[in-house]
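There are 2 protein chains.
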Amino acid sequence: MPPNPRSRLRVVLVAPRNPLNIGAAARAMYNFGFASLRVVNPYEVAFREAKSAVRAAPVLKAAEEFTTVADAVADCYLVIGSTSVGHRELHHPLRALEPAARIIRKRLQSDAVAILFGSEKFGLSNDDLSHCHWLLRIETAAPDQSMNLGQAVAVCLYELTRAARRPAAARREPKHASAAINEQITVMLLETLERSGYIKPLTSASSEDKTRRLVRRLNLSQRDSAVVLGMLRQILWKLR
Amino acid sequence: MPPNPRSRLRVVLVAPRNPLNIGAAARAMYNFGFASLRVVNPYEVAFREAKSAVRAAPVLKAAEEFTTVADAVADCYLVIGSTSVGHRELHHPLRALEPAARIIRKRLQSDAVAILFGSEKFGLSNDDLSHCHWLLRIETAAPDQSMNLGQAVAVCLYELTRAARRPAAARREPKHASAAINEQITVMLLETLERSGYIKPLTSASSEDKTRRLVRRLNLSQRDSAVVLGMLRQILWKLR
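First to last, the protein sequences are chains Z and G.
In this text, residue positions in the first sequence follow the numbering used here: the first is 14, and each later residue adds one.
In this text, residue positions in the second sequence follow the numbering used here: the first is 14, and each later residue adds one.
Here is the structure:
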């Protein structure tokens, strides 16, 4: 069996300042089935602490530390910078996340790929970006405000795995009630409505049609129809 | 110009414990152009503090507080629960995020829609879920671990806006009953069932949830809901 393509993705956090964000990125990676987290020049003390915590997620425990971006991406064949801010002058081709993810998924079939995420405050520097083949942007409605680091990682990994899923997420439609059952419900409902005075004898022919159509529109499942029948039976018993 | 469909989405956080998560949800909403944040029973002190902080994002400042889920979704016509954990026994139809987002985008063209997110520790309770028409799940690779709250919100809003540029084919769906009307039907049906002896006092808590879910599954149109209310009113009048 070939190795899982997701094992070839490196999530590279460049100079992250907040250990909570490193933890959040690790958690999103675990959620979506990625394992290789690399951190370049983190705020030292906090990173060490977070990494060695007893309850640290496996992805965080296995995180690798580097002092330069060059080292962190040395084994990768495609290096992509991420950005969510729009106004910056960029010297790289820029792709929206969705087409970017298509390319990345394809490359992960055979090659290691890195996605770089910049620090919370400054994003990726021009020097960081110089290691990248191109950039991806999460298209937001508010280009004046960058995304939270952990959320940006989560959204990227979601998009990377979104279309990779087997189509059959098995939506079981519940089995519907038969026409016979719907009619039984209609008849009992009509008697209930007559006994409670909702239907006047004079108008009852058209009321019957209306009620019958209403019951069909409910589109009851087999299970729900049994419940509704039981309810009506009891109400009728009381009204009689 | 018609109001922005995104203004019709309510992001409802139920019993969030960590103010950082409320802030993260608000930030993701701002990033993706959503504004209506509702919080049910937050951890009081922290929420008040976060909300009143000078640097709080506009979405957070405008967040509304409620004491019950019913109140928080009363003006909504479609109520959806979110879950990222797979092993739980569910009584609702479950949709993957992508098809779910298609439905939600369409409904937002005309109606207010709520998405509920549970507390960090316990997710949504059965009682919370009983207010929902159906559930959406972010499909992850690790169904044993739930997603971080702020990341789950970010991924949902990303997916909601991802394909938004292609306008959905406008098919005329009948207008649906609001959550307030569905709840009114539920309350009257429960009284009917109690008065007719269908519900025993001992089991009535779980019966209440079951009945609430049943009413949501009927997915009544606005017109039908008025008819059903009229029927129940008359039956109740007779039973009293």
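Even for Gly, the Cβ is constructed at its ideal location relative to N, Cα and C.
Here the structure is a predicted model, which means the values were calculated and not measured.
Note down the Cα distance separating residue i from residue j, rounded to an integer number of angstroms.
i: Z/LEU107; j: Z/ARG150; result: 7 Å
i: Z/GLY210; j: G/HIS105; result: 35 Å
i: G/THR276; j: G/PHE45; result: Past the edges of chain G, shown from 14 to 253, lies residue 276 of chain G, and the structure says nothing about it.
i: Z/MET160; j: Z/VAL200; result: 58 Å
i: Z/ARG226; j: Z/ALA218; result: 13 Å
i: G/GLU57; j: G/THR80; result: 11 Å
i: Z/LEU73; j: Z/ASN17; result: 19 Å
i: Z/ARG120; j: Z/VAL82; result: 20 Å
i: Z/ALA155; j: G/ARG40; result: 10 Å
i: Z/ARG246; j: Z/VAL240; result: 10 Å
i: G/ALA63; j: G/ALA70; result: 10 Å
i: G/MET244; j: Z/GLU204; result: 12 Å
i: G/ALA76; j: G/ILE35; result: 10 Å
i: Z/GLY163; j: Z/LEU252; result: 60 Å
i: Z/HIS144; j: G/SER20; result: 40 Å
i: Z/ILE116; j: G/PRO55; result: 42 Å
i: Z/THR216; j: G/SER238; result: 21 Å
i: Z/GLU78; j: G/LEU103; result: 42 Å
i: Z/PRO214; j: Z/ARG230; result: 24 Å
Have a look at the DSSP bridge pairing and note the partners of residue i.
i: G/PHE79; result: G/VAL53
i: G/HIS189; result: G/SER234
i: G/ILE128; result: G/VAL24 and G/ILE93
i: G/ALA109; result: G/ARG150
i: Z/GLY136; result: Z/SER132
Once the 5 residues before and after residue i are set aside, which same chain residues still bring their CB inside 8 Å of it?
i: Z/LEU206; result: ILE212, SER220 and THR224
i: G/CYS169; result: SER95, LEU110, ALA114, ILE128, LEU149 and ILE151
i: Z/LEU242; result: ILE194, GLN197, ILE198 and MET201
i: G/ARG208; result: LEU249, LEU252 and ARG253
i: G/ASN232; result: HIS146 and HIS189
Figure out for me which residue from the options has the closest Cα to the Cα of residue i.
i: Z/LEU22; options: Z/THR81, Z/ALA114 and Z/GLY36; result: Z/ALA114
i: Z/ASP222; options: Z/LEU202, Z/SER238, Z/GLN235 and Z/ASP140; result: Z/LEU202
i: G/ARG33; options: G/PRO16, G/LEU129, G/ALA66 and G/ALA75; result: Per the sequence shown, the amino acid found at residue 33 of chain G is Leu instead of Arg. It is G/ALA66 whose Cα lies nearest to the Cα of G/LEU33.
i: G/ILE198; options: G/LEU249, G/LEU162 and G/PRO156; result: G/LEU249
i: G/ALA167; options: G/LEU231, G/ALA75 and G/TYR43; result: G/TYR43
i: Z/GLU196; options: Z/ALA165, Z/PRO29, Z/SER217 and Z/VAL228; result: Z/VAL228
i: Z/THR96; options: Z/ALA87, Z/LEU110 and Z/ALA83; result: Z/LEU110
i: G/PHE60; options: G/ALA37, G/GLN122, G/ALA193 and G/CYS169; result: G/ALA37
i: Z/ASP124; options: Z/LEU148, Z/VAL92 and Z/LEU142; result: Z/VAL92
i: G/GLN158; options: G/CYS145, G/PHE135 and G/TYR171; result: G/PHE135
i: G/PHE47; options: Z/PRO55, Z/THR153 and Z/ARG118; result: Z/THR153
i: G/VAL53; options: G/ARG253, G/PRO29, G/LEU245 and G/GLN247; result: G/PRO29
i: G/TRP147; options: G/SER20, G/ARG208 and G/PRO112; result: G/PRO112
Looking only at its own chain, which residues have a Cβ that is under 7 Å from the Cβ of residue i, when we skip the five neighbours before and after it?
i: Z/LYS188; result: SER234 and GLN235
i: Z/ASN31; result: GLU133
i: G/ARG179; result: Because G/ARG179 sits at a pLDDT of 46, beneath the cut-off of 50, its placement in the model cannot be relied upon, and the following sentence gives the value as read from the coordinates. No residues qualify anywhere along the chain.
i: G/ASP140; result: ASP222
i: G/ALA165; result: SER95, SER97, PHE130 and ILE151
i: Z/TYR171; result: PHE45
To which residues of the same chain is residue i closer than 6 Å at the C-beta, ignoring the five residues directly before and after it?
i: Z/VAL25; result: ARG51, ALA85, ALA127 and LEU129
i: G/SER191; result: TYR90
i: Z/GLY131; result: VAL27 and LEU137
i: Z/SER49; result: ARG23
i: G/GLN122; result: PRO18
i: G/ASP88; result: ALA125
i: G/LEU142; result: GLY94
Just the chain C side, please: which residues come within less than 8 Å of residue i by C-beta, in chain order?
i: Z/ILE248; result: Here chain C cannot be found, since the structure's protein chains are Z and G.
Closer than 7 Å, Cβ to any Cβ of chain Z: which residues of the region 33-62 of chain G, in chain order? When C-beta distances to chain Z are compared with 7 Å, the residues of the region 33-62 of chain G below that value are ALA37, ARG40, ALA41, TYR43, ASN44, PHE45 and GLY46, in chain order.
Members of the region 135-163 of chain Z that neighbour chain G once the beta carbon cut-off is set at 9 Å: Cβ contacts with chain G come from ILE151, GLU152, THR153, ALA154, ALA155, GLN158, SER159, MET160, ASN161 and GLY163.
So if I threshold CB-CB distances at 9 Å, which residues from the region 232-244 of chain G count as touching chain Z? ASN232, LEU233, SER234, ASP237, VAL240, VAL241, GLY243 and MET244: these are the residues of the region 232-244 of chain G whose beta carbon lies less than 9 Å from some beta carbon of chain Z, given in chain order.
Which residues, in order along the region 99-130 of chain Z, keep a beta-carbon less than 7 Å from a beta-carbon of chain G? From the region 99-130 of chain Z, only GLU111 have a Cβ closer than 7 Å to chain G.
With 8 Å as the C-beta to C-beta threshold (strictly closer), list the residues of the region 205-222 of chain Z near chain G in chain order. Answer in chain order: THR205, LEU206, ARG208, SER209, GLY210 and TYR211.
Residues of the region 65-82 of chain G whose Cβ lies closer than 7 Å to any Cβ of chain Z, in chain order: Among the residues of the region 65-82 of chain G, none has a Cβ less than 7 Å away from any Cβ of chain Z.
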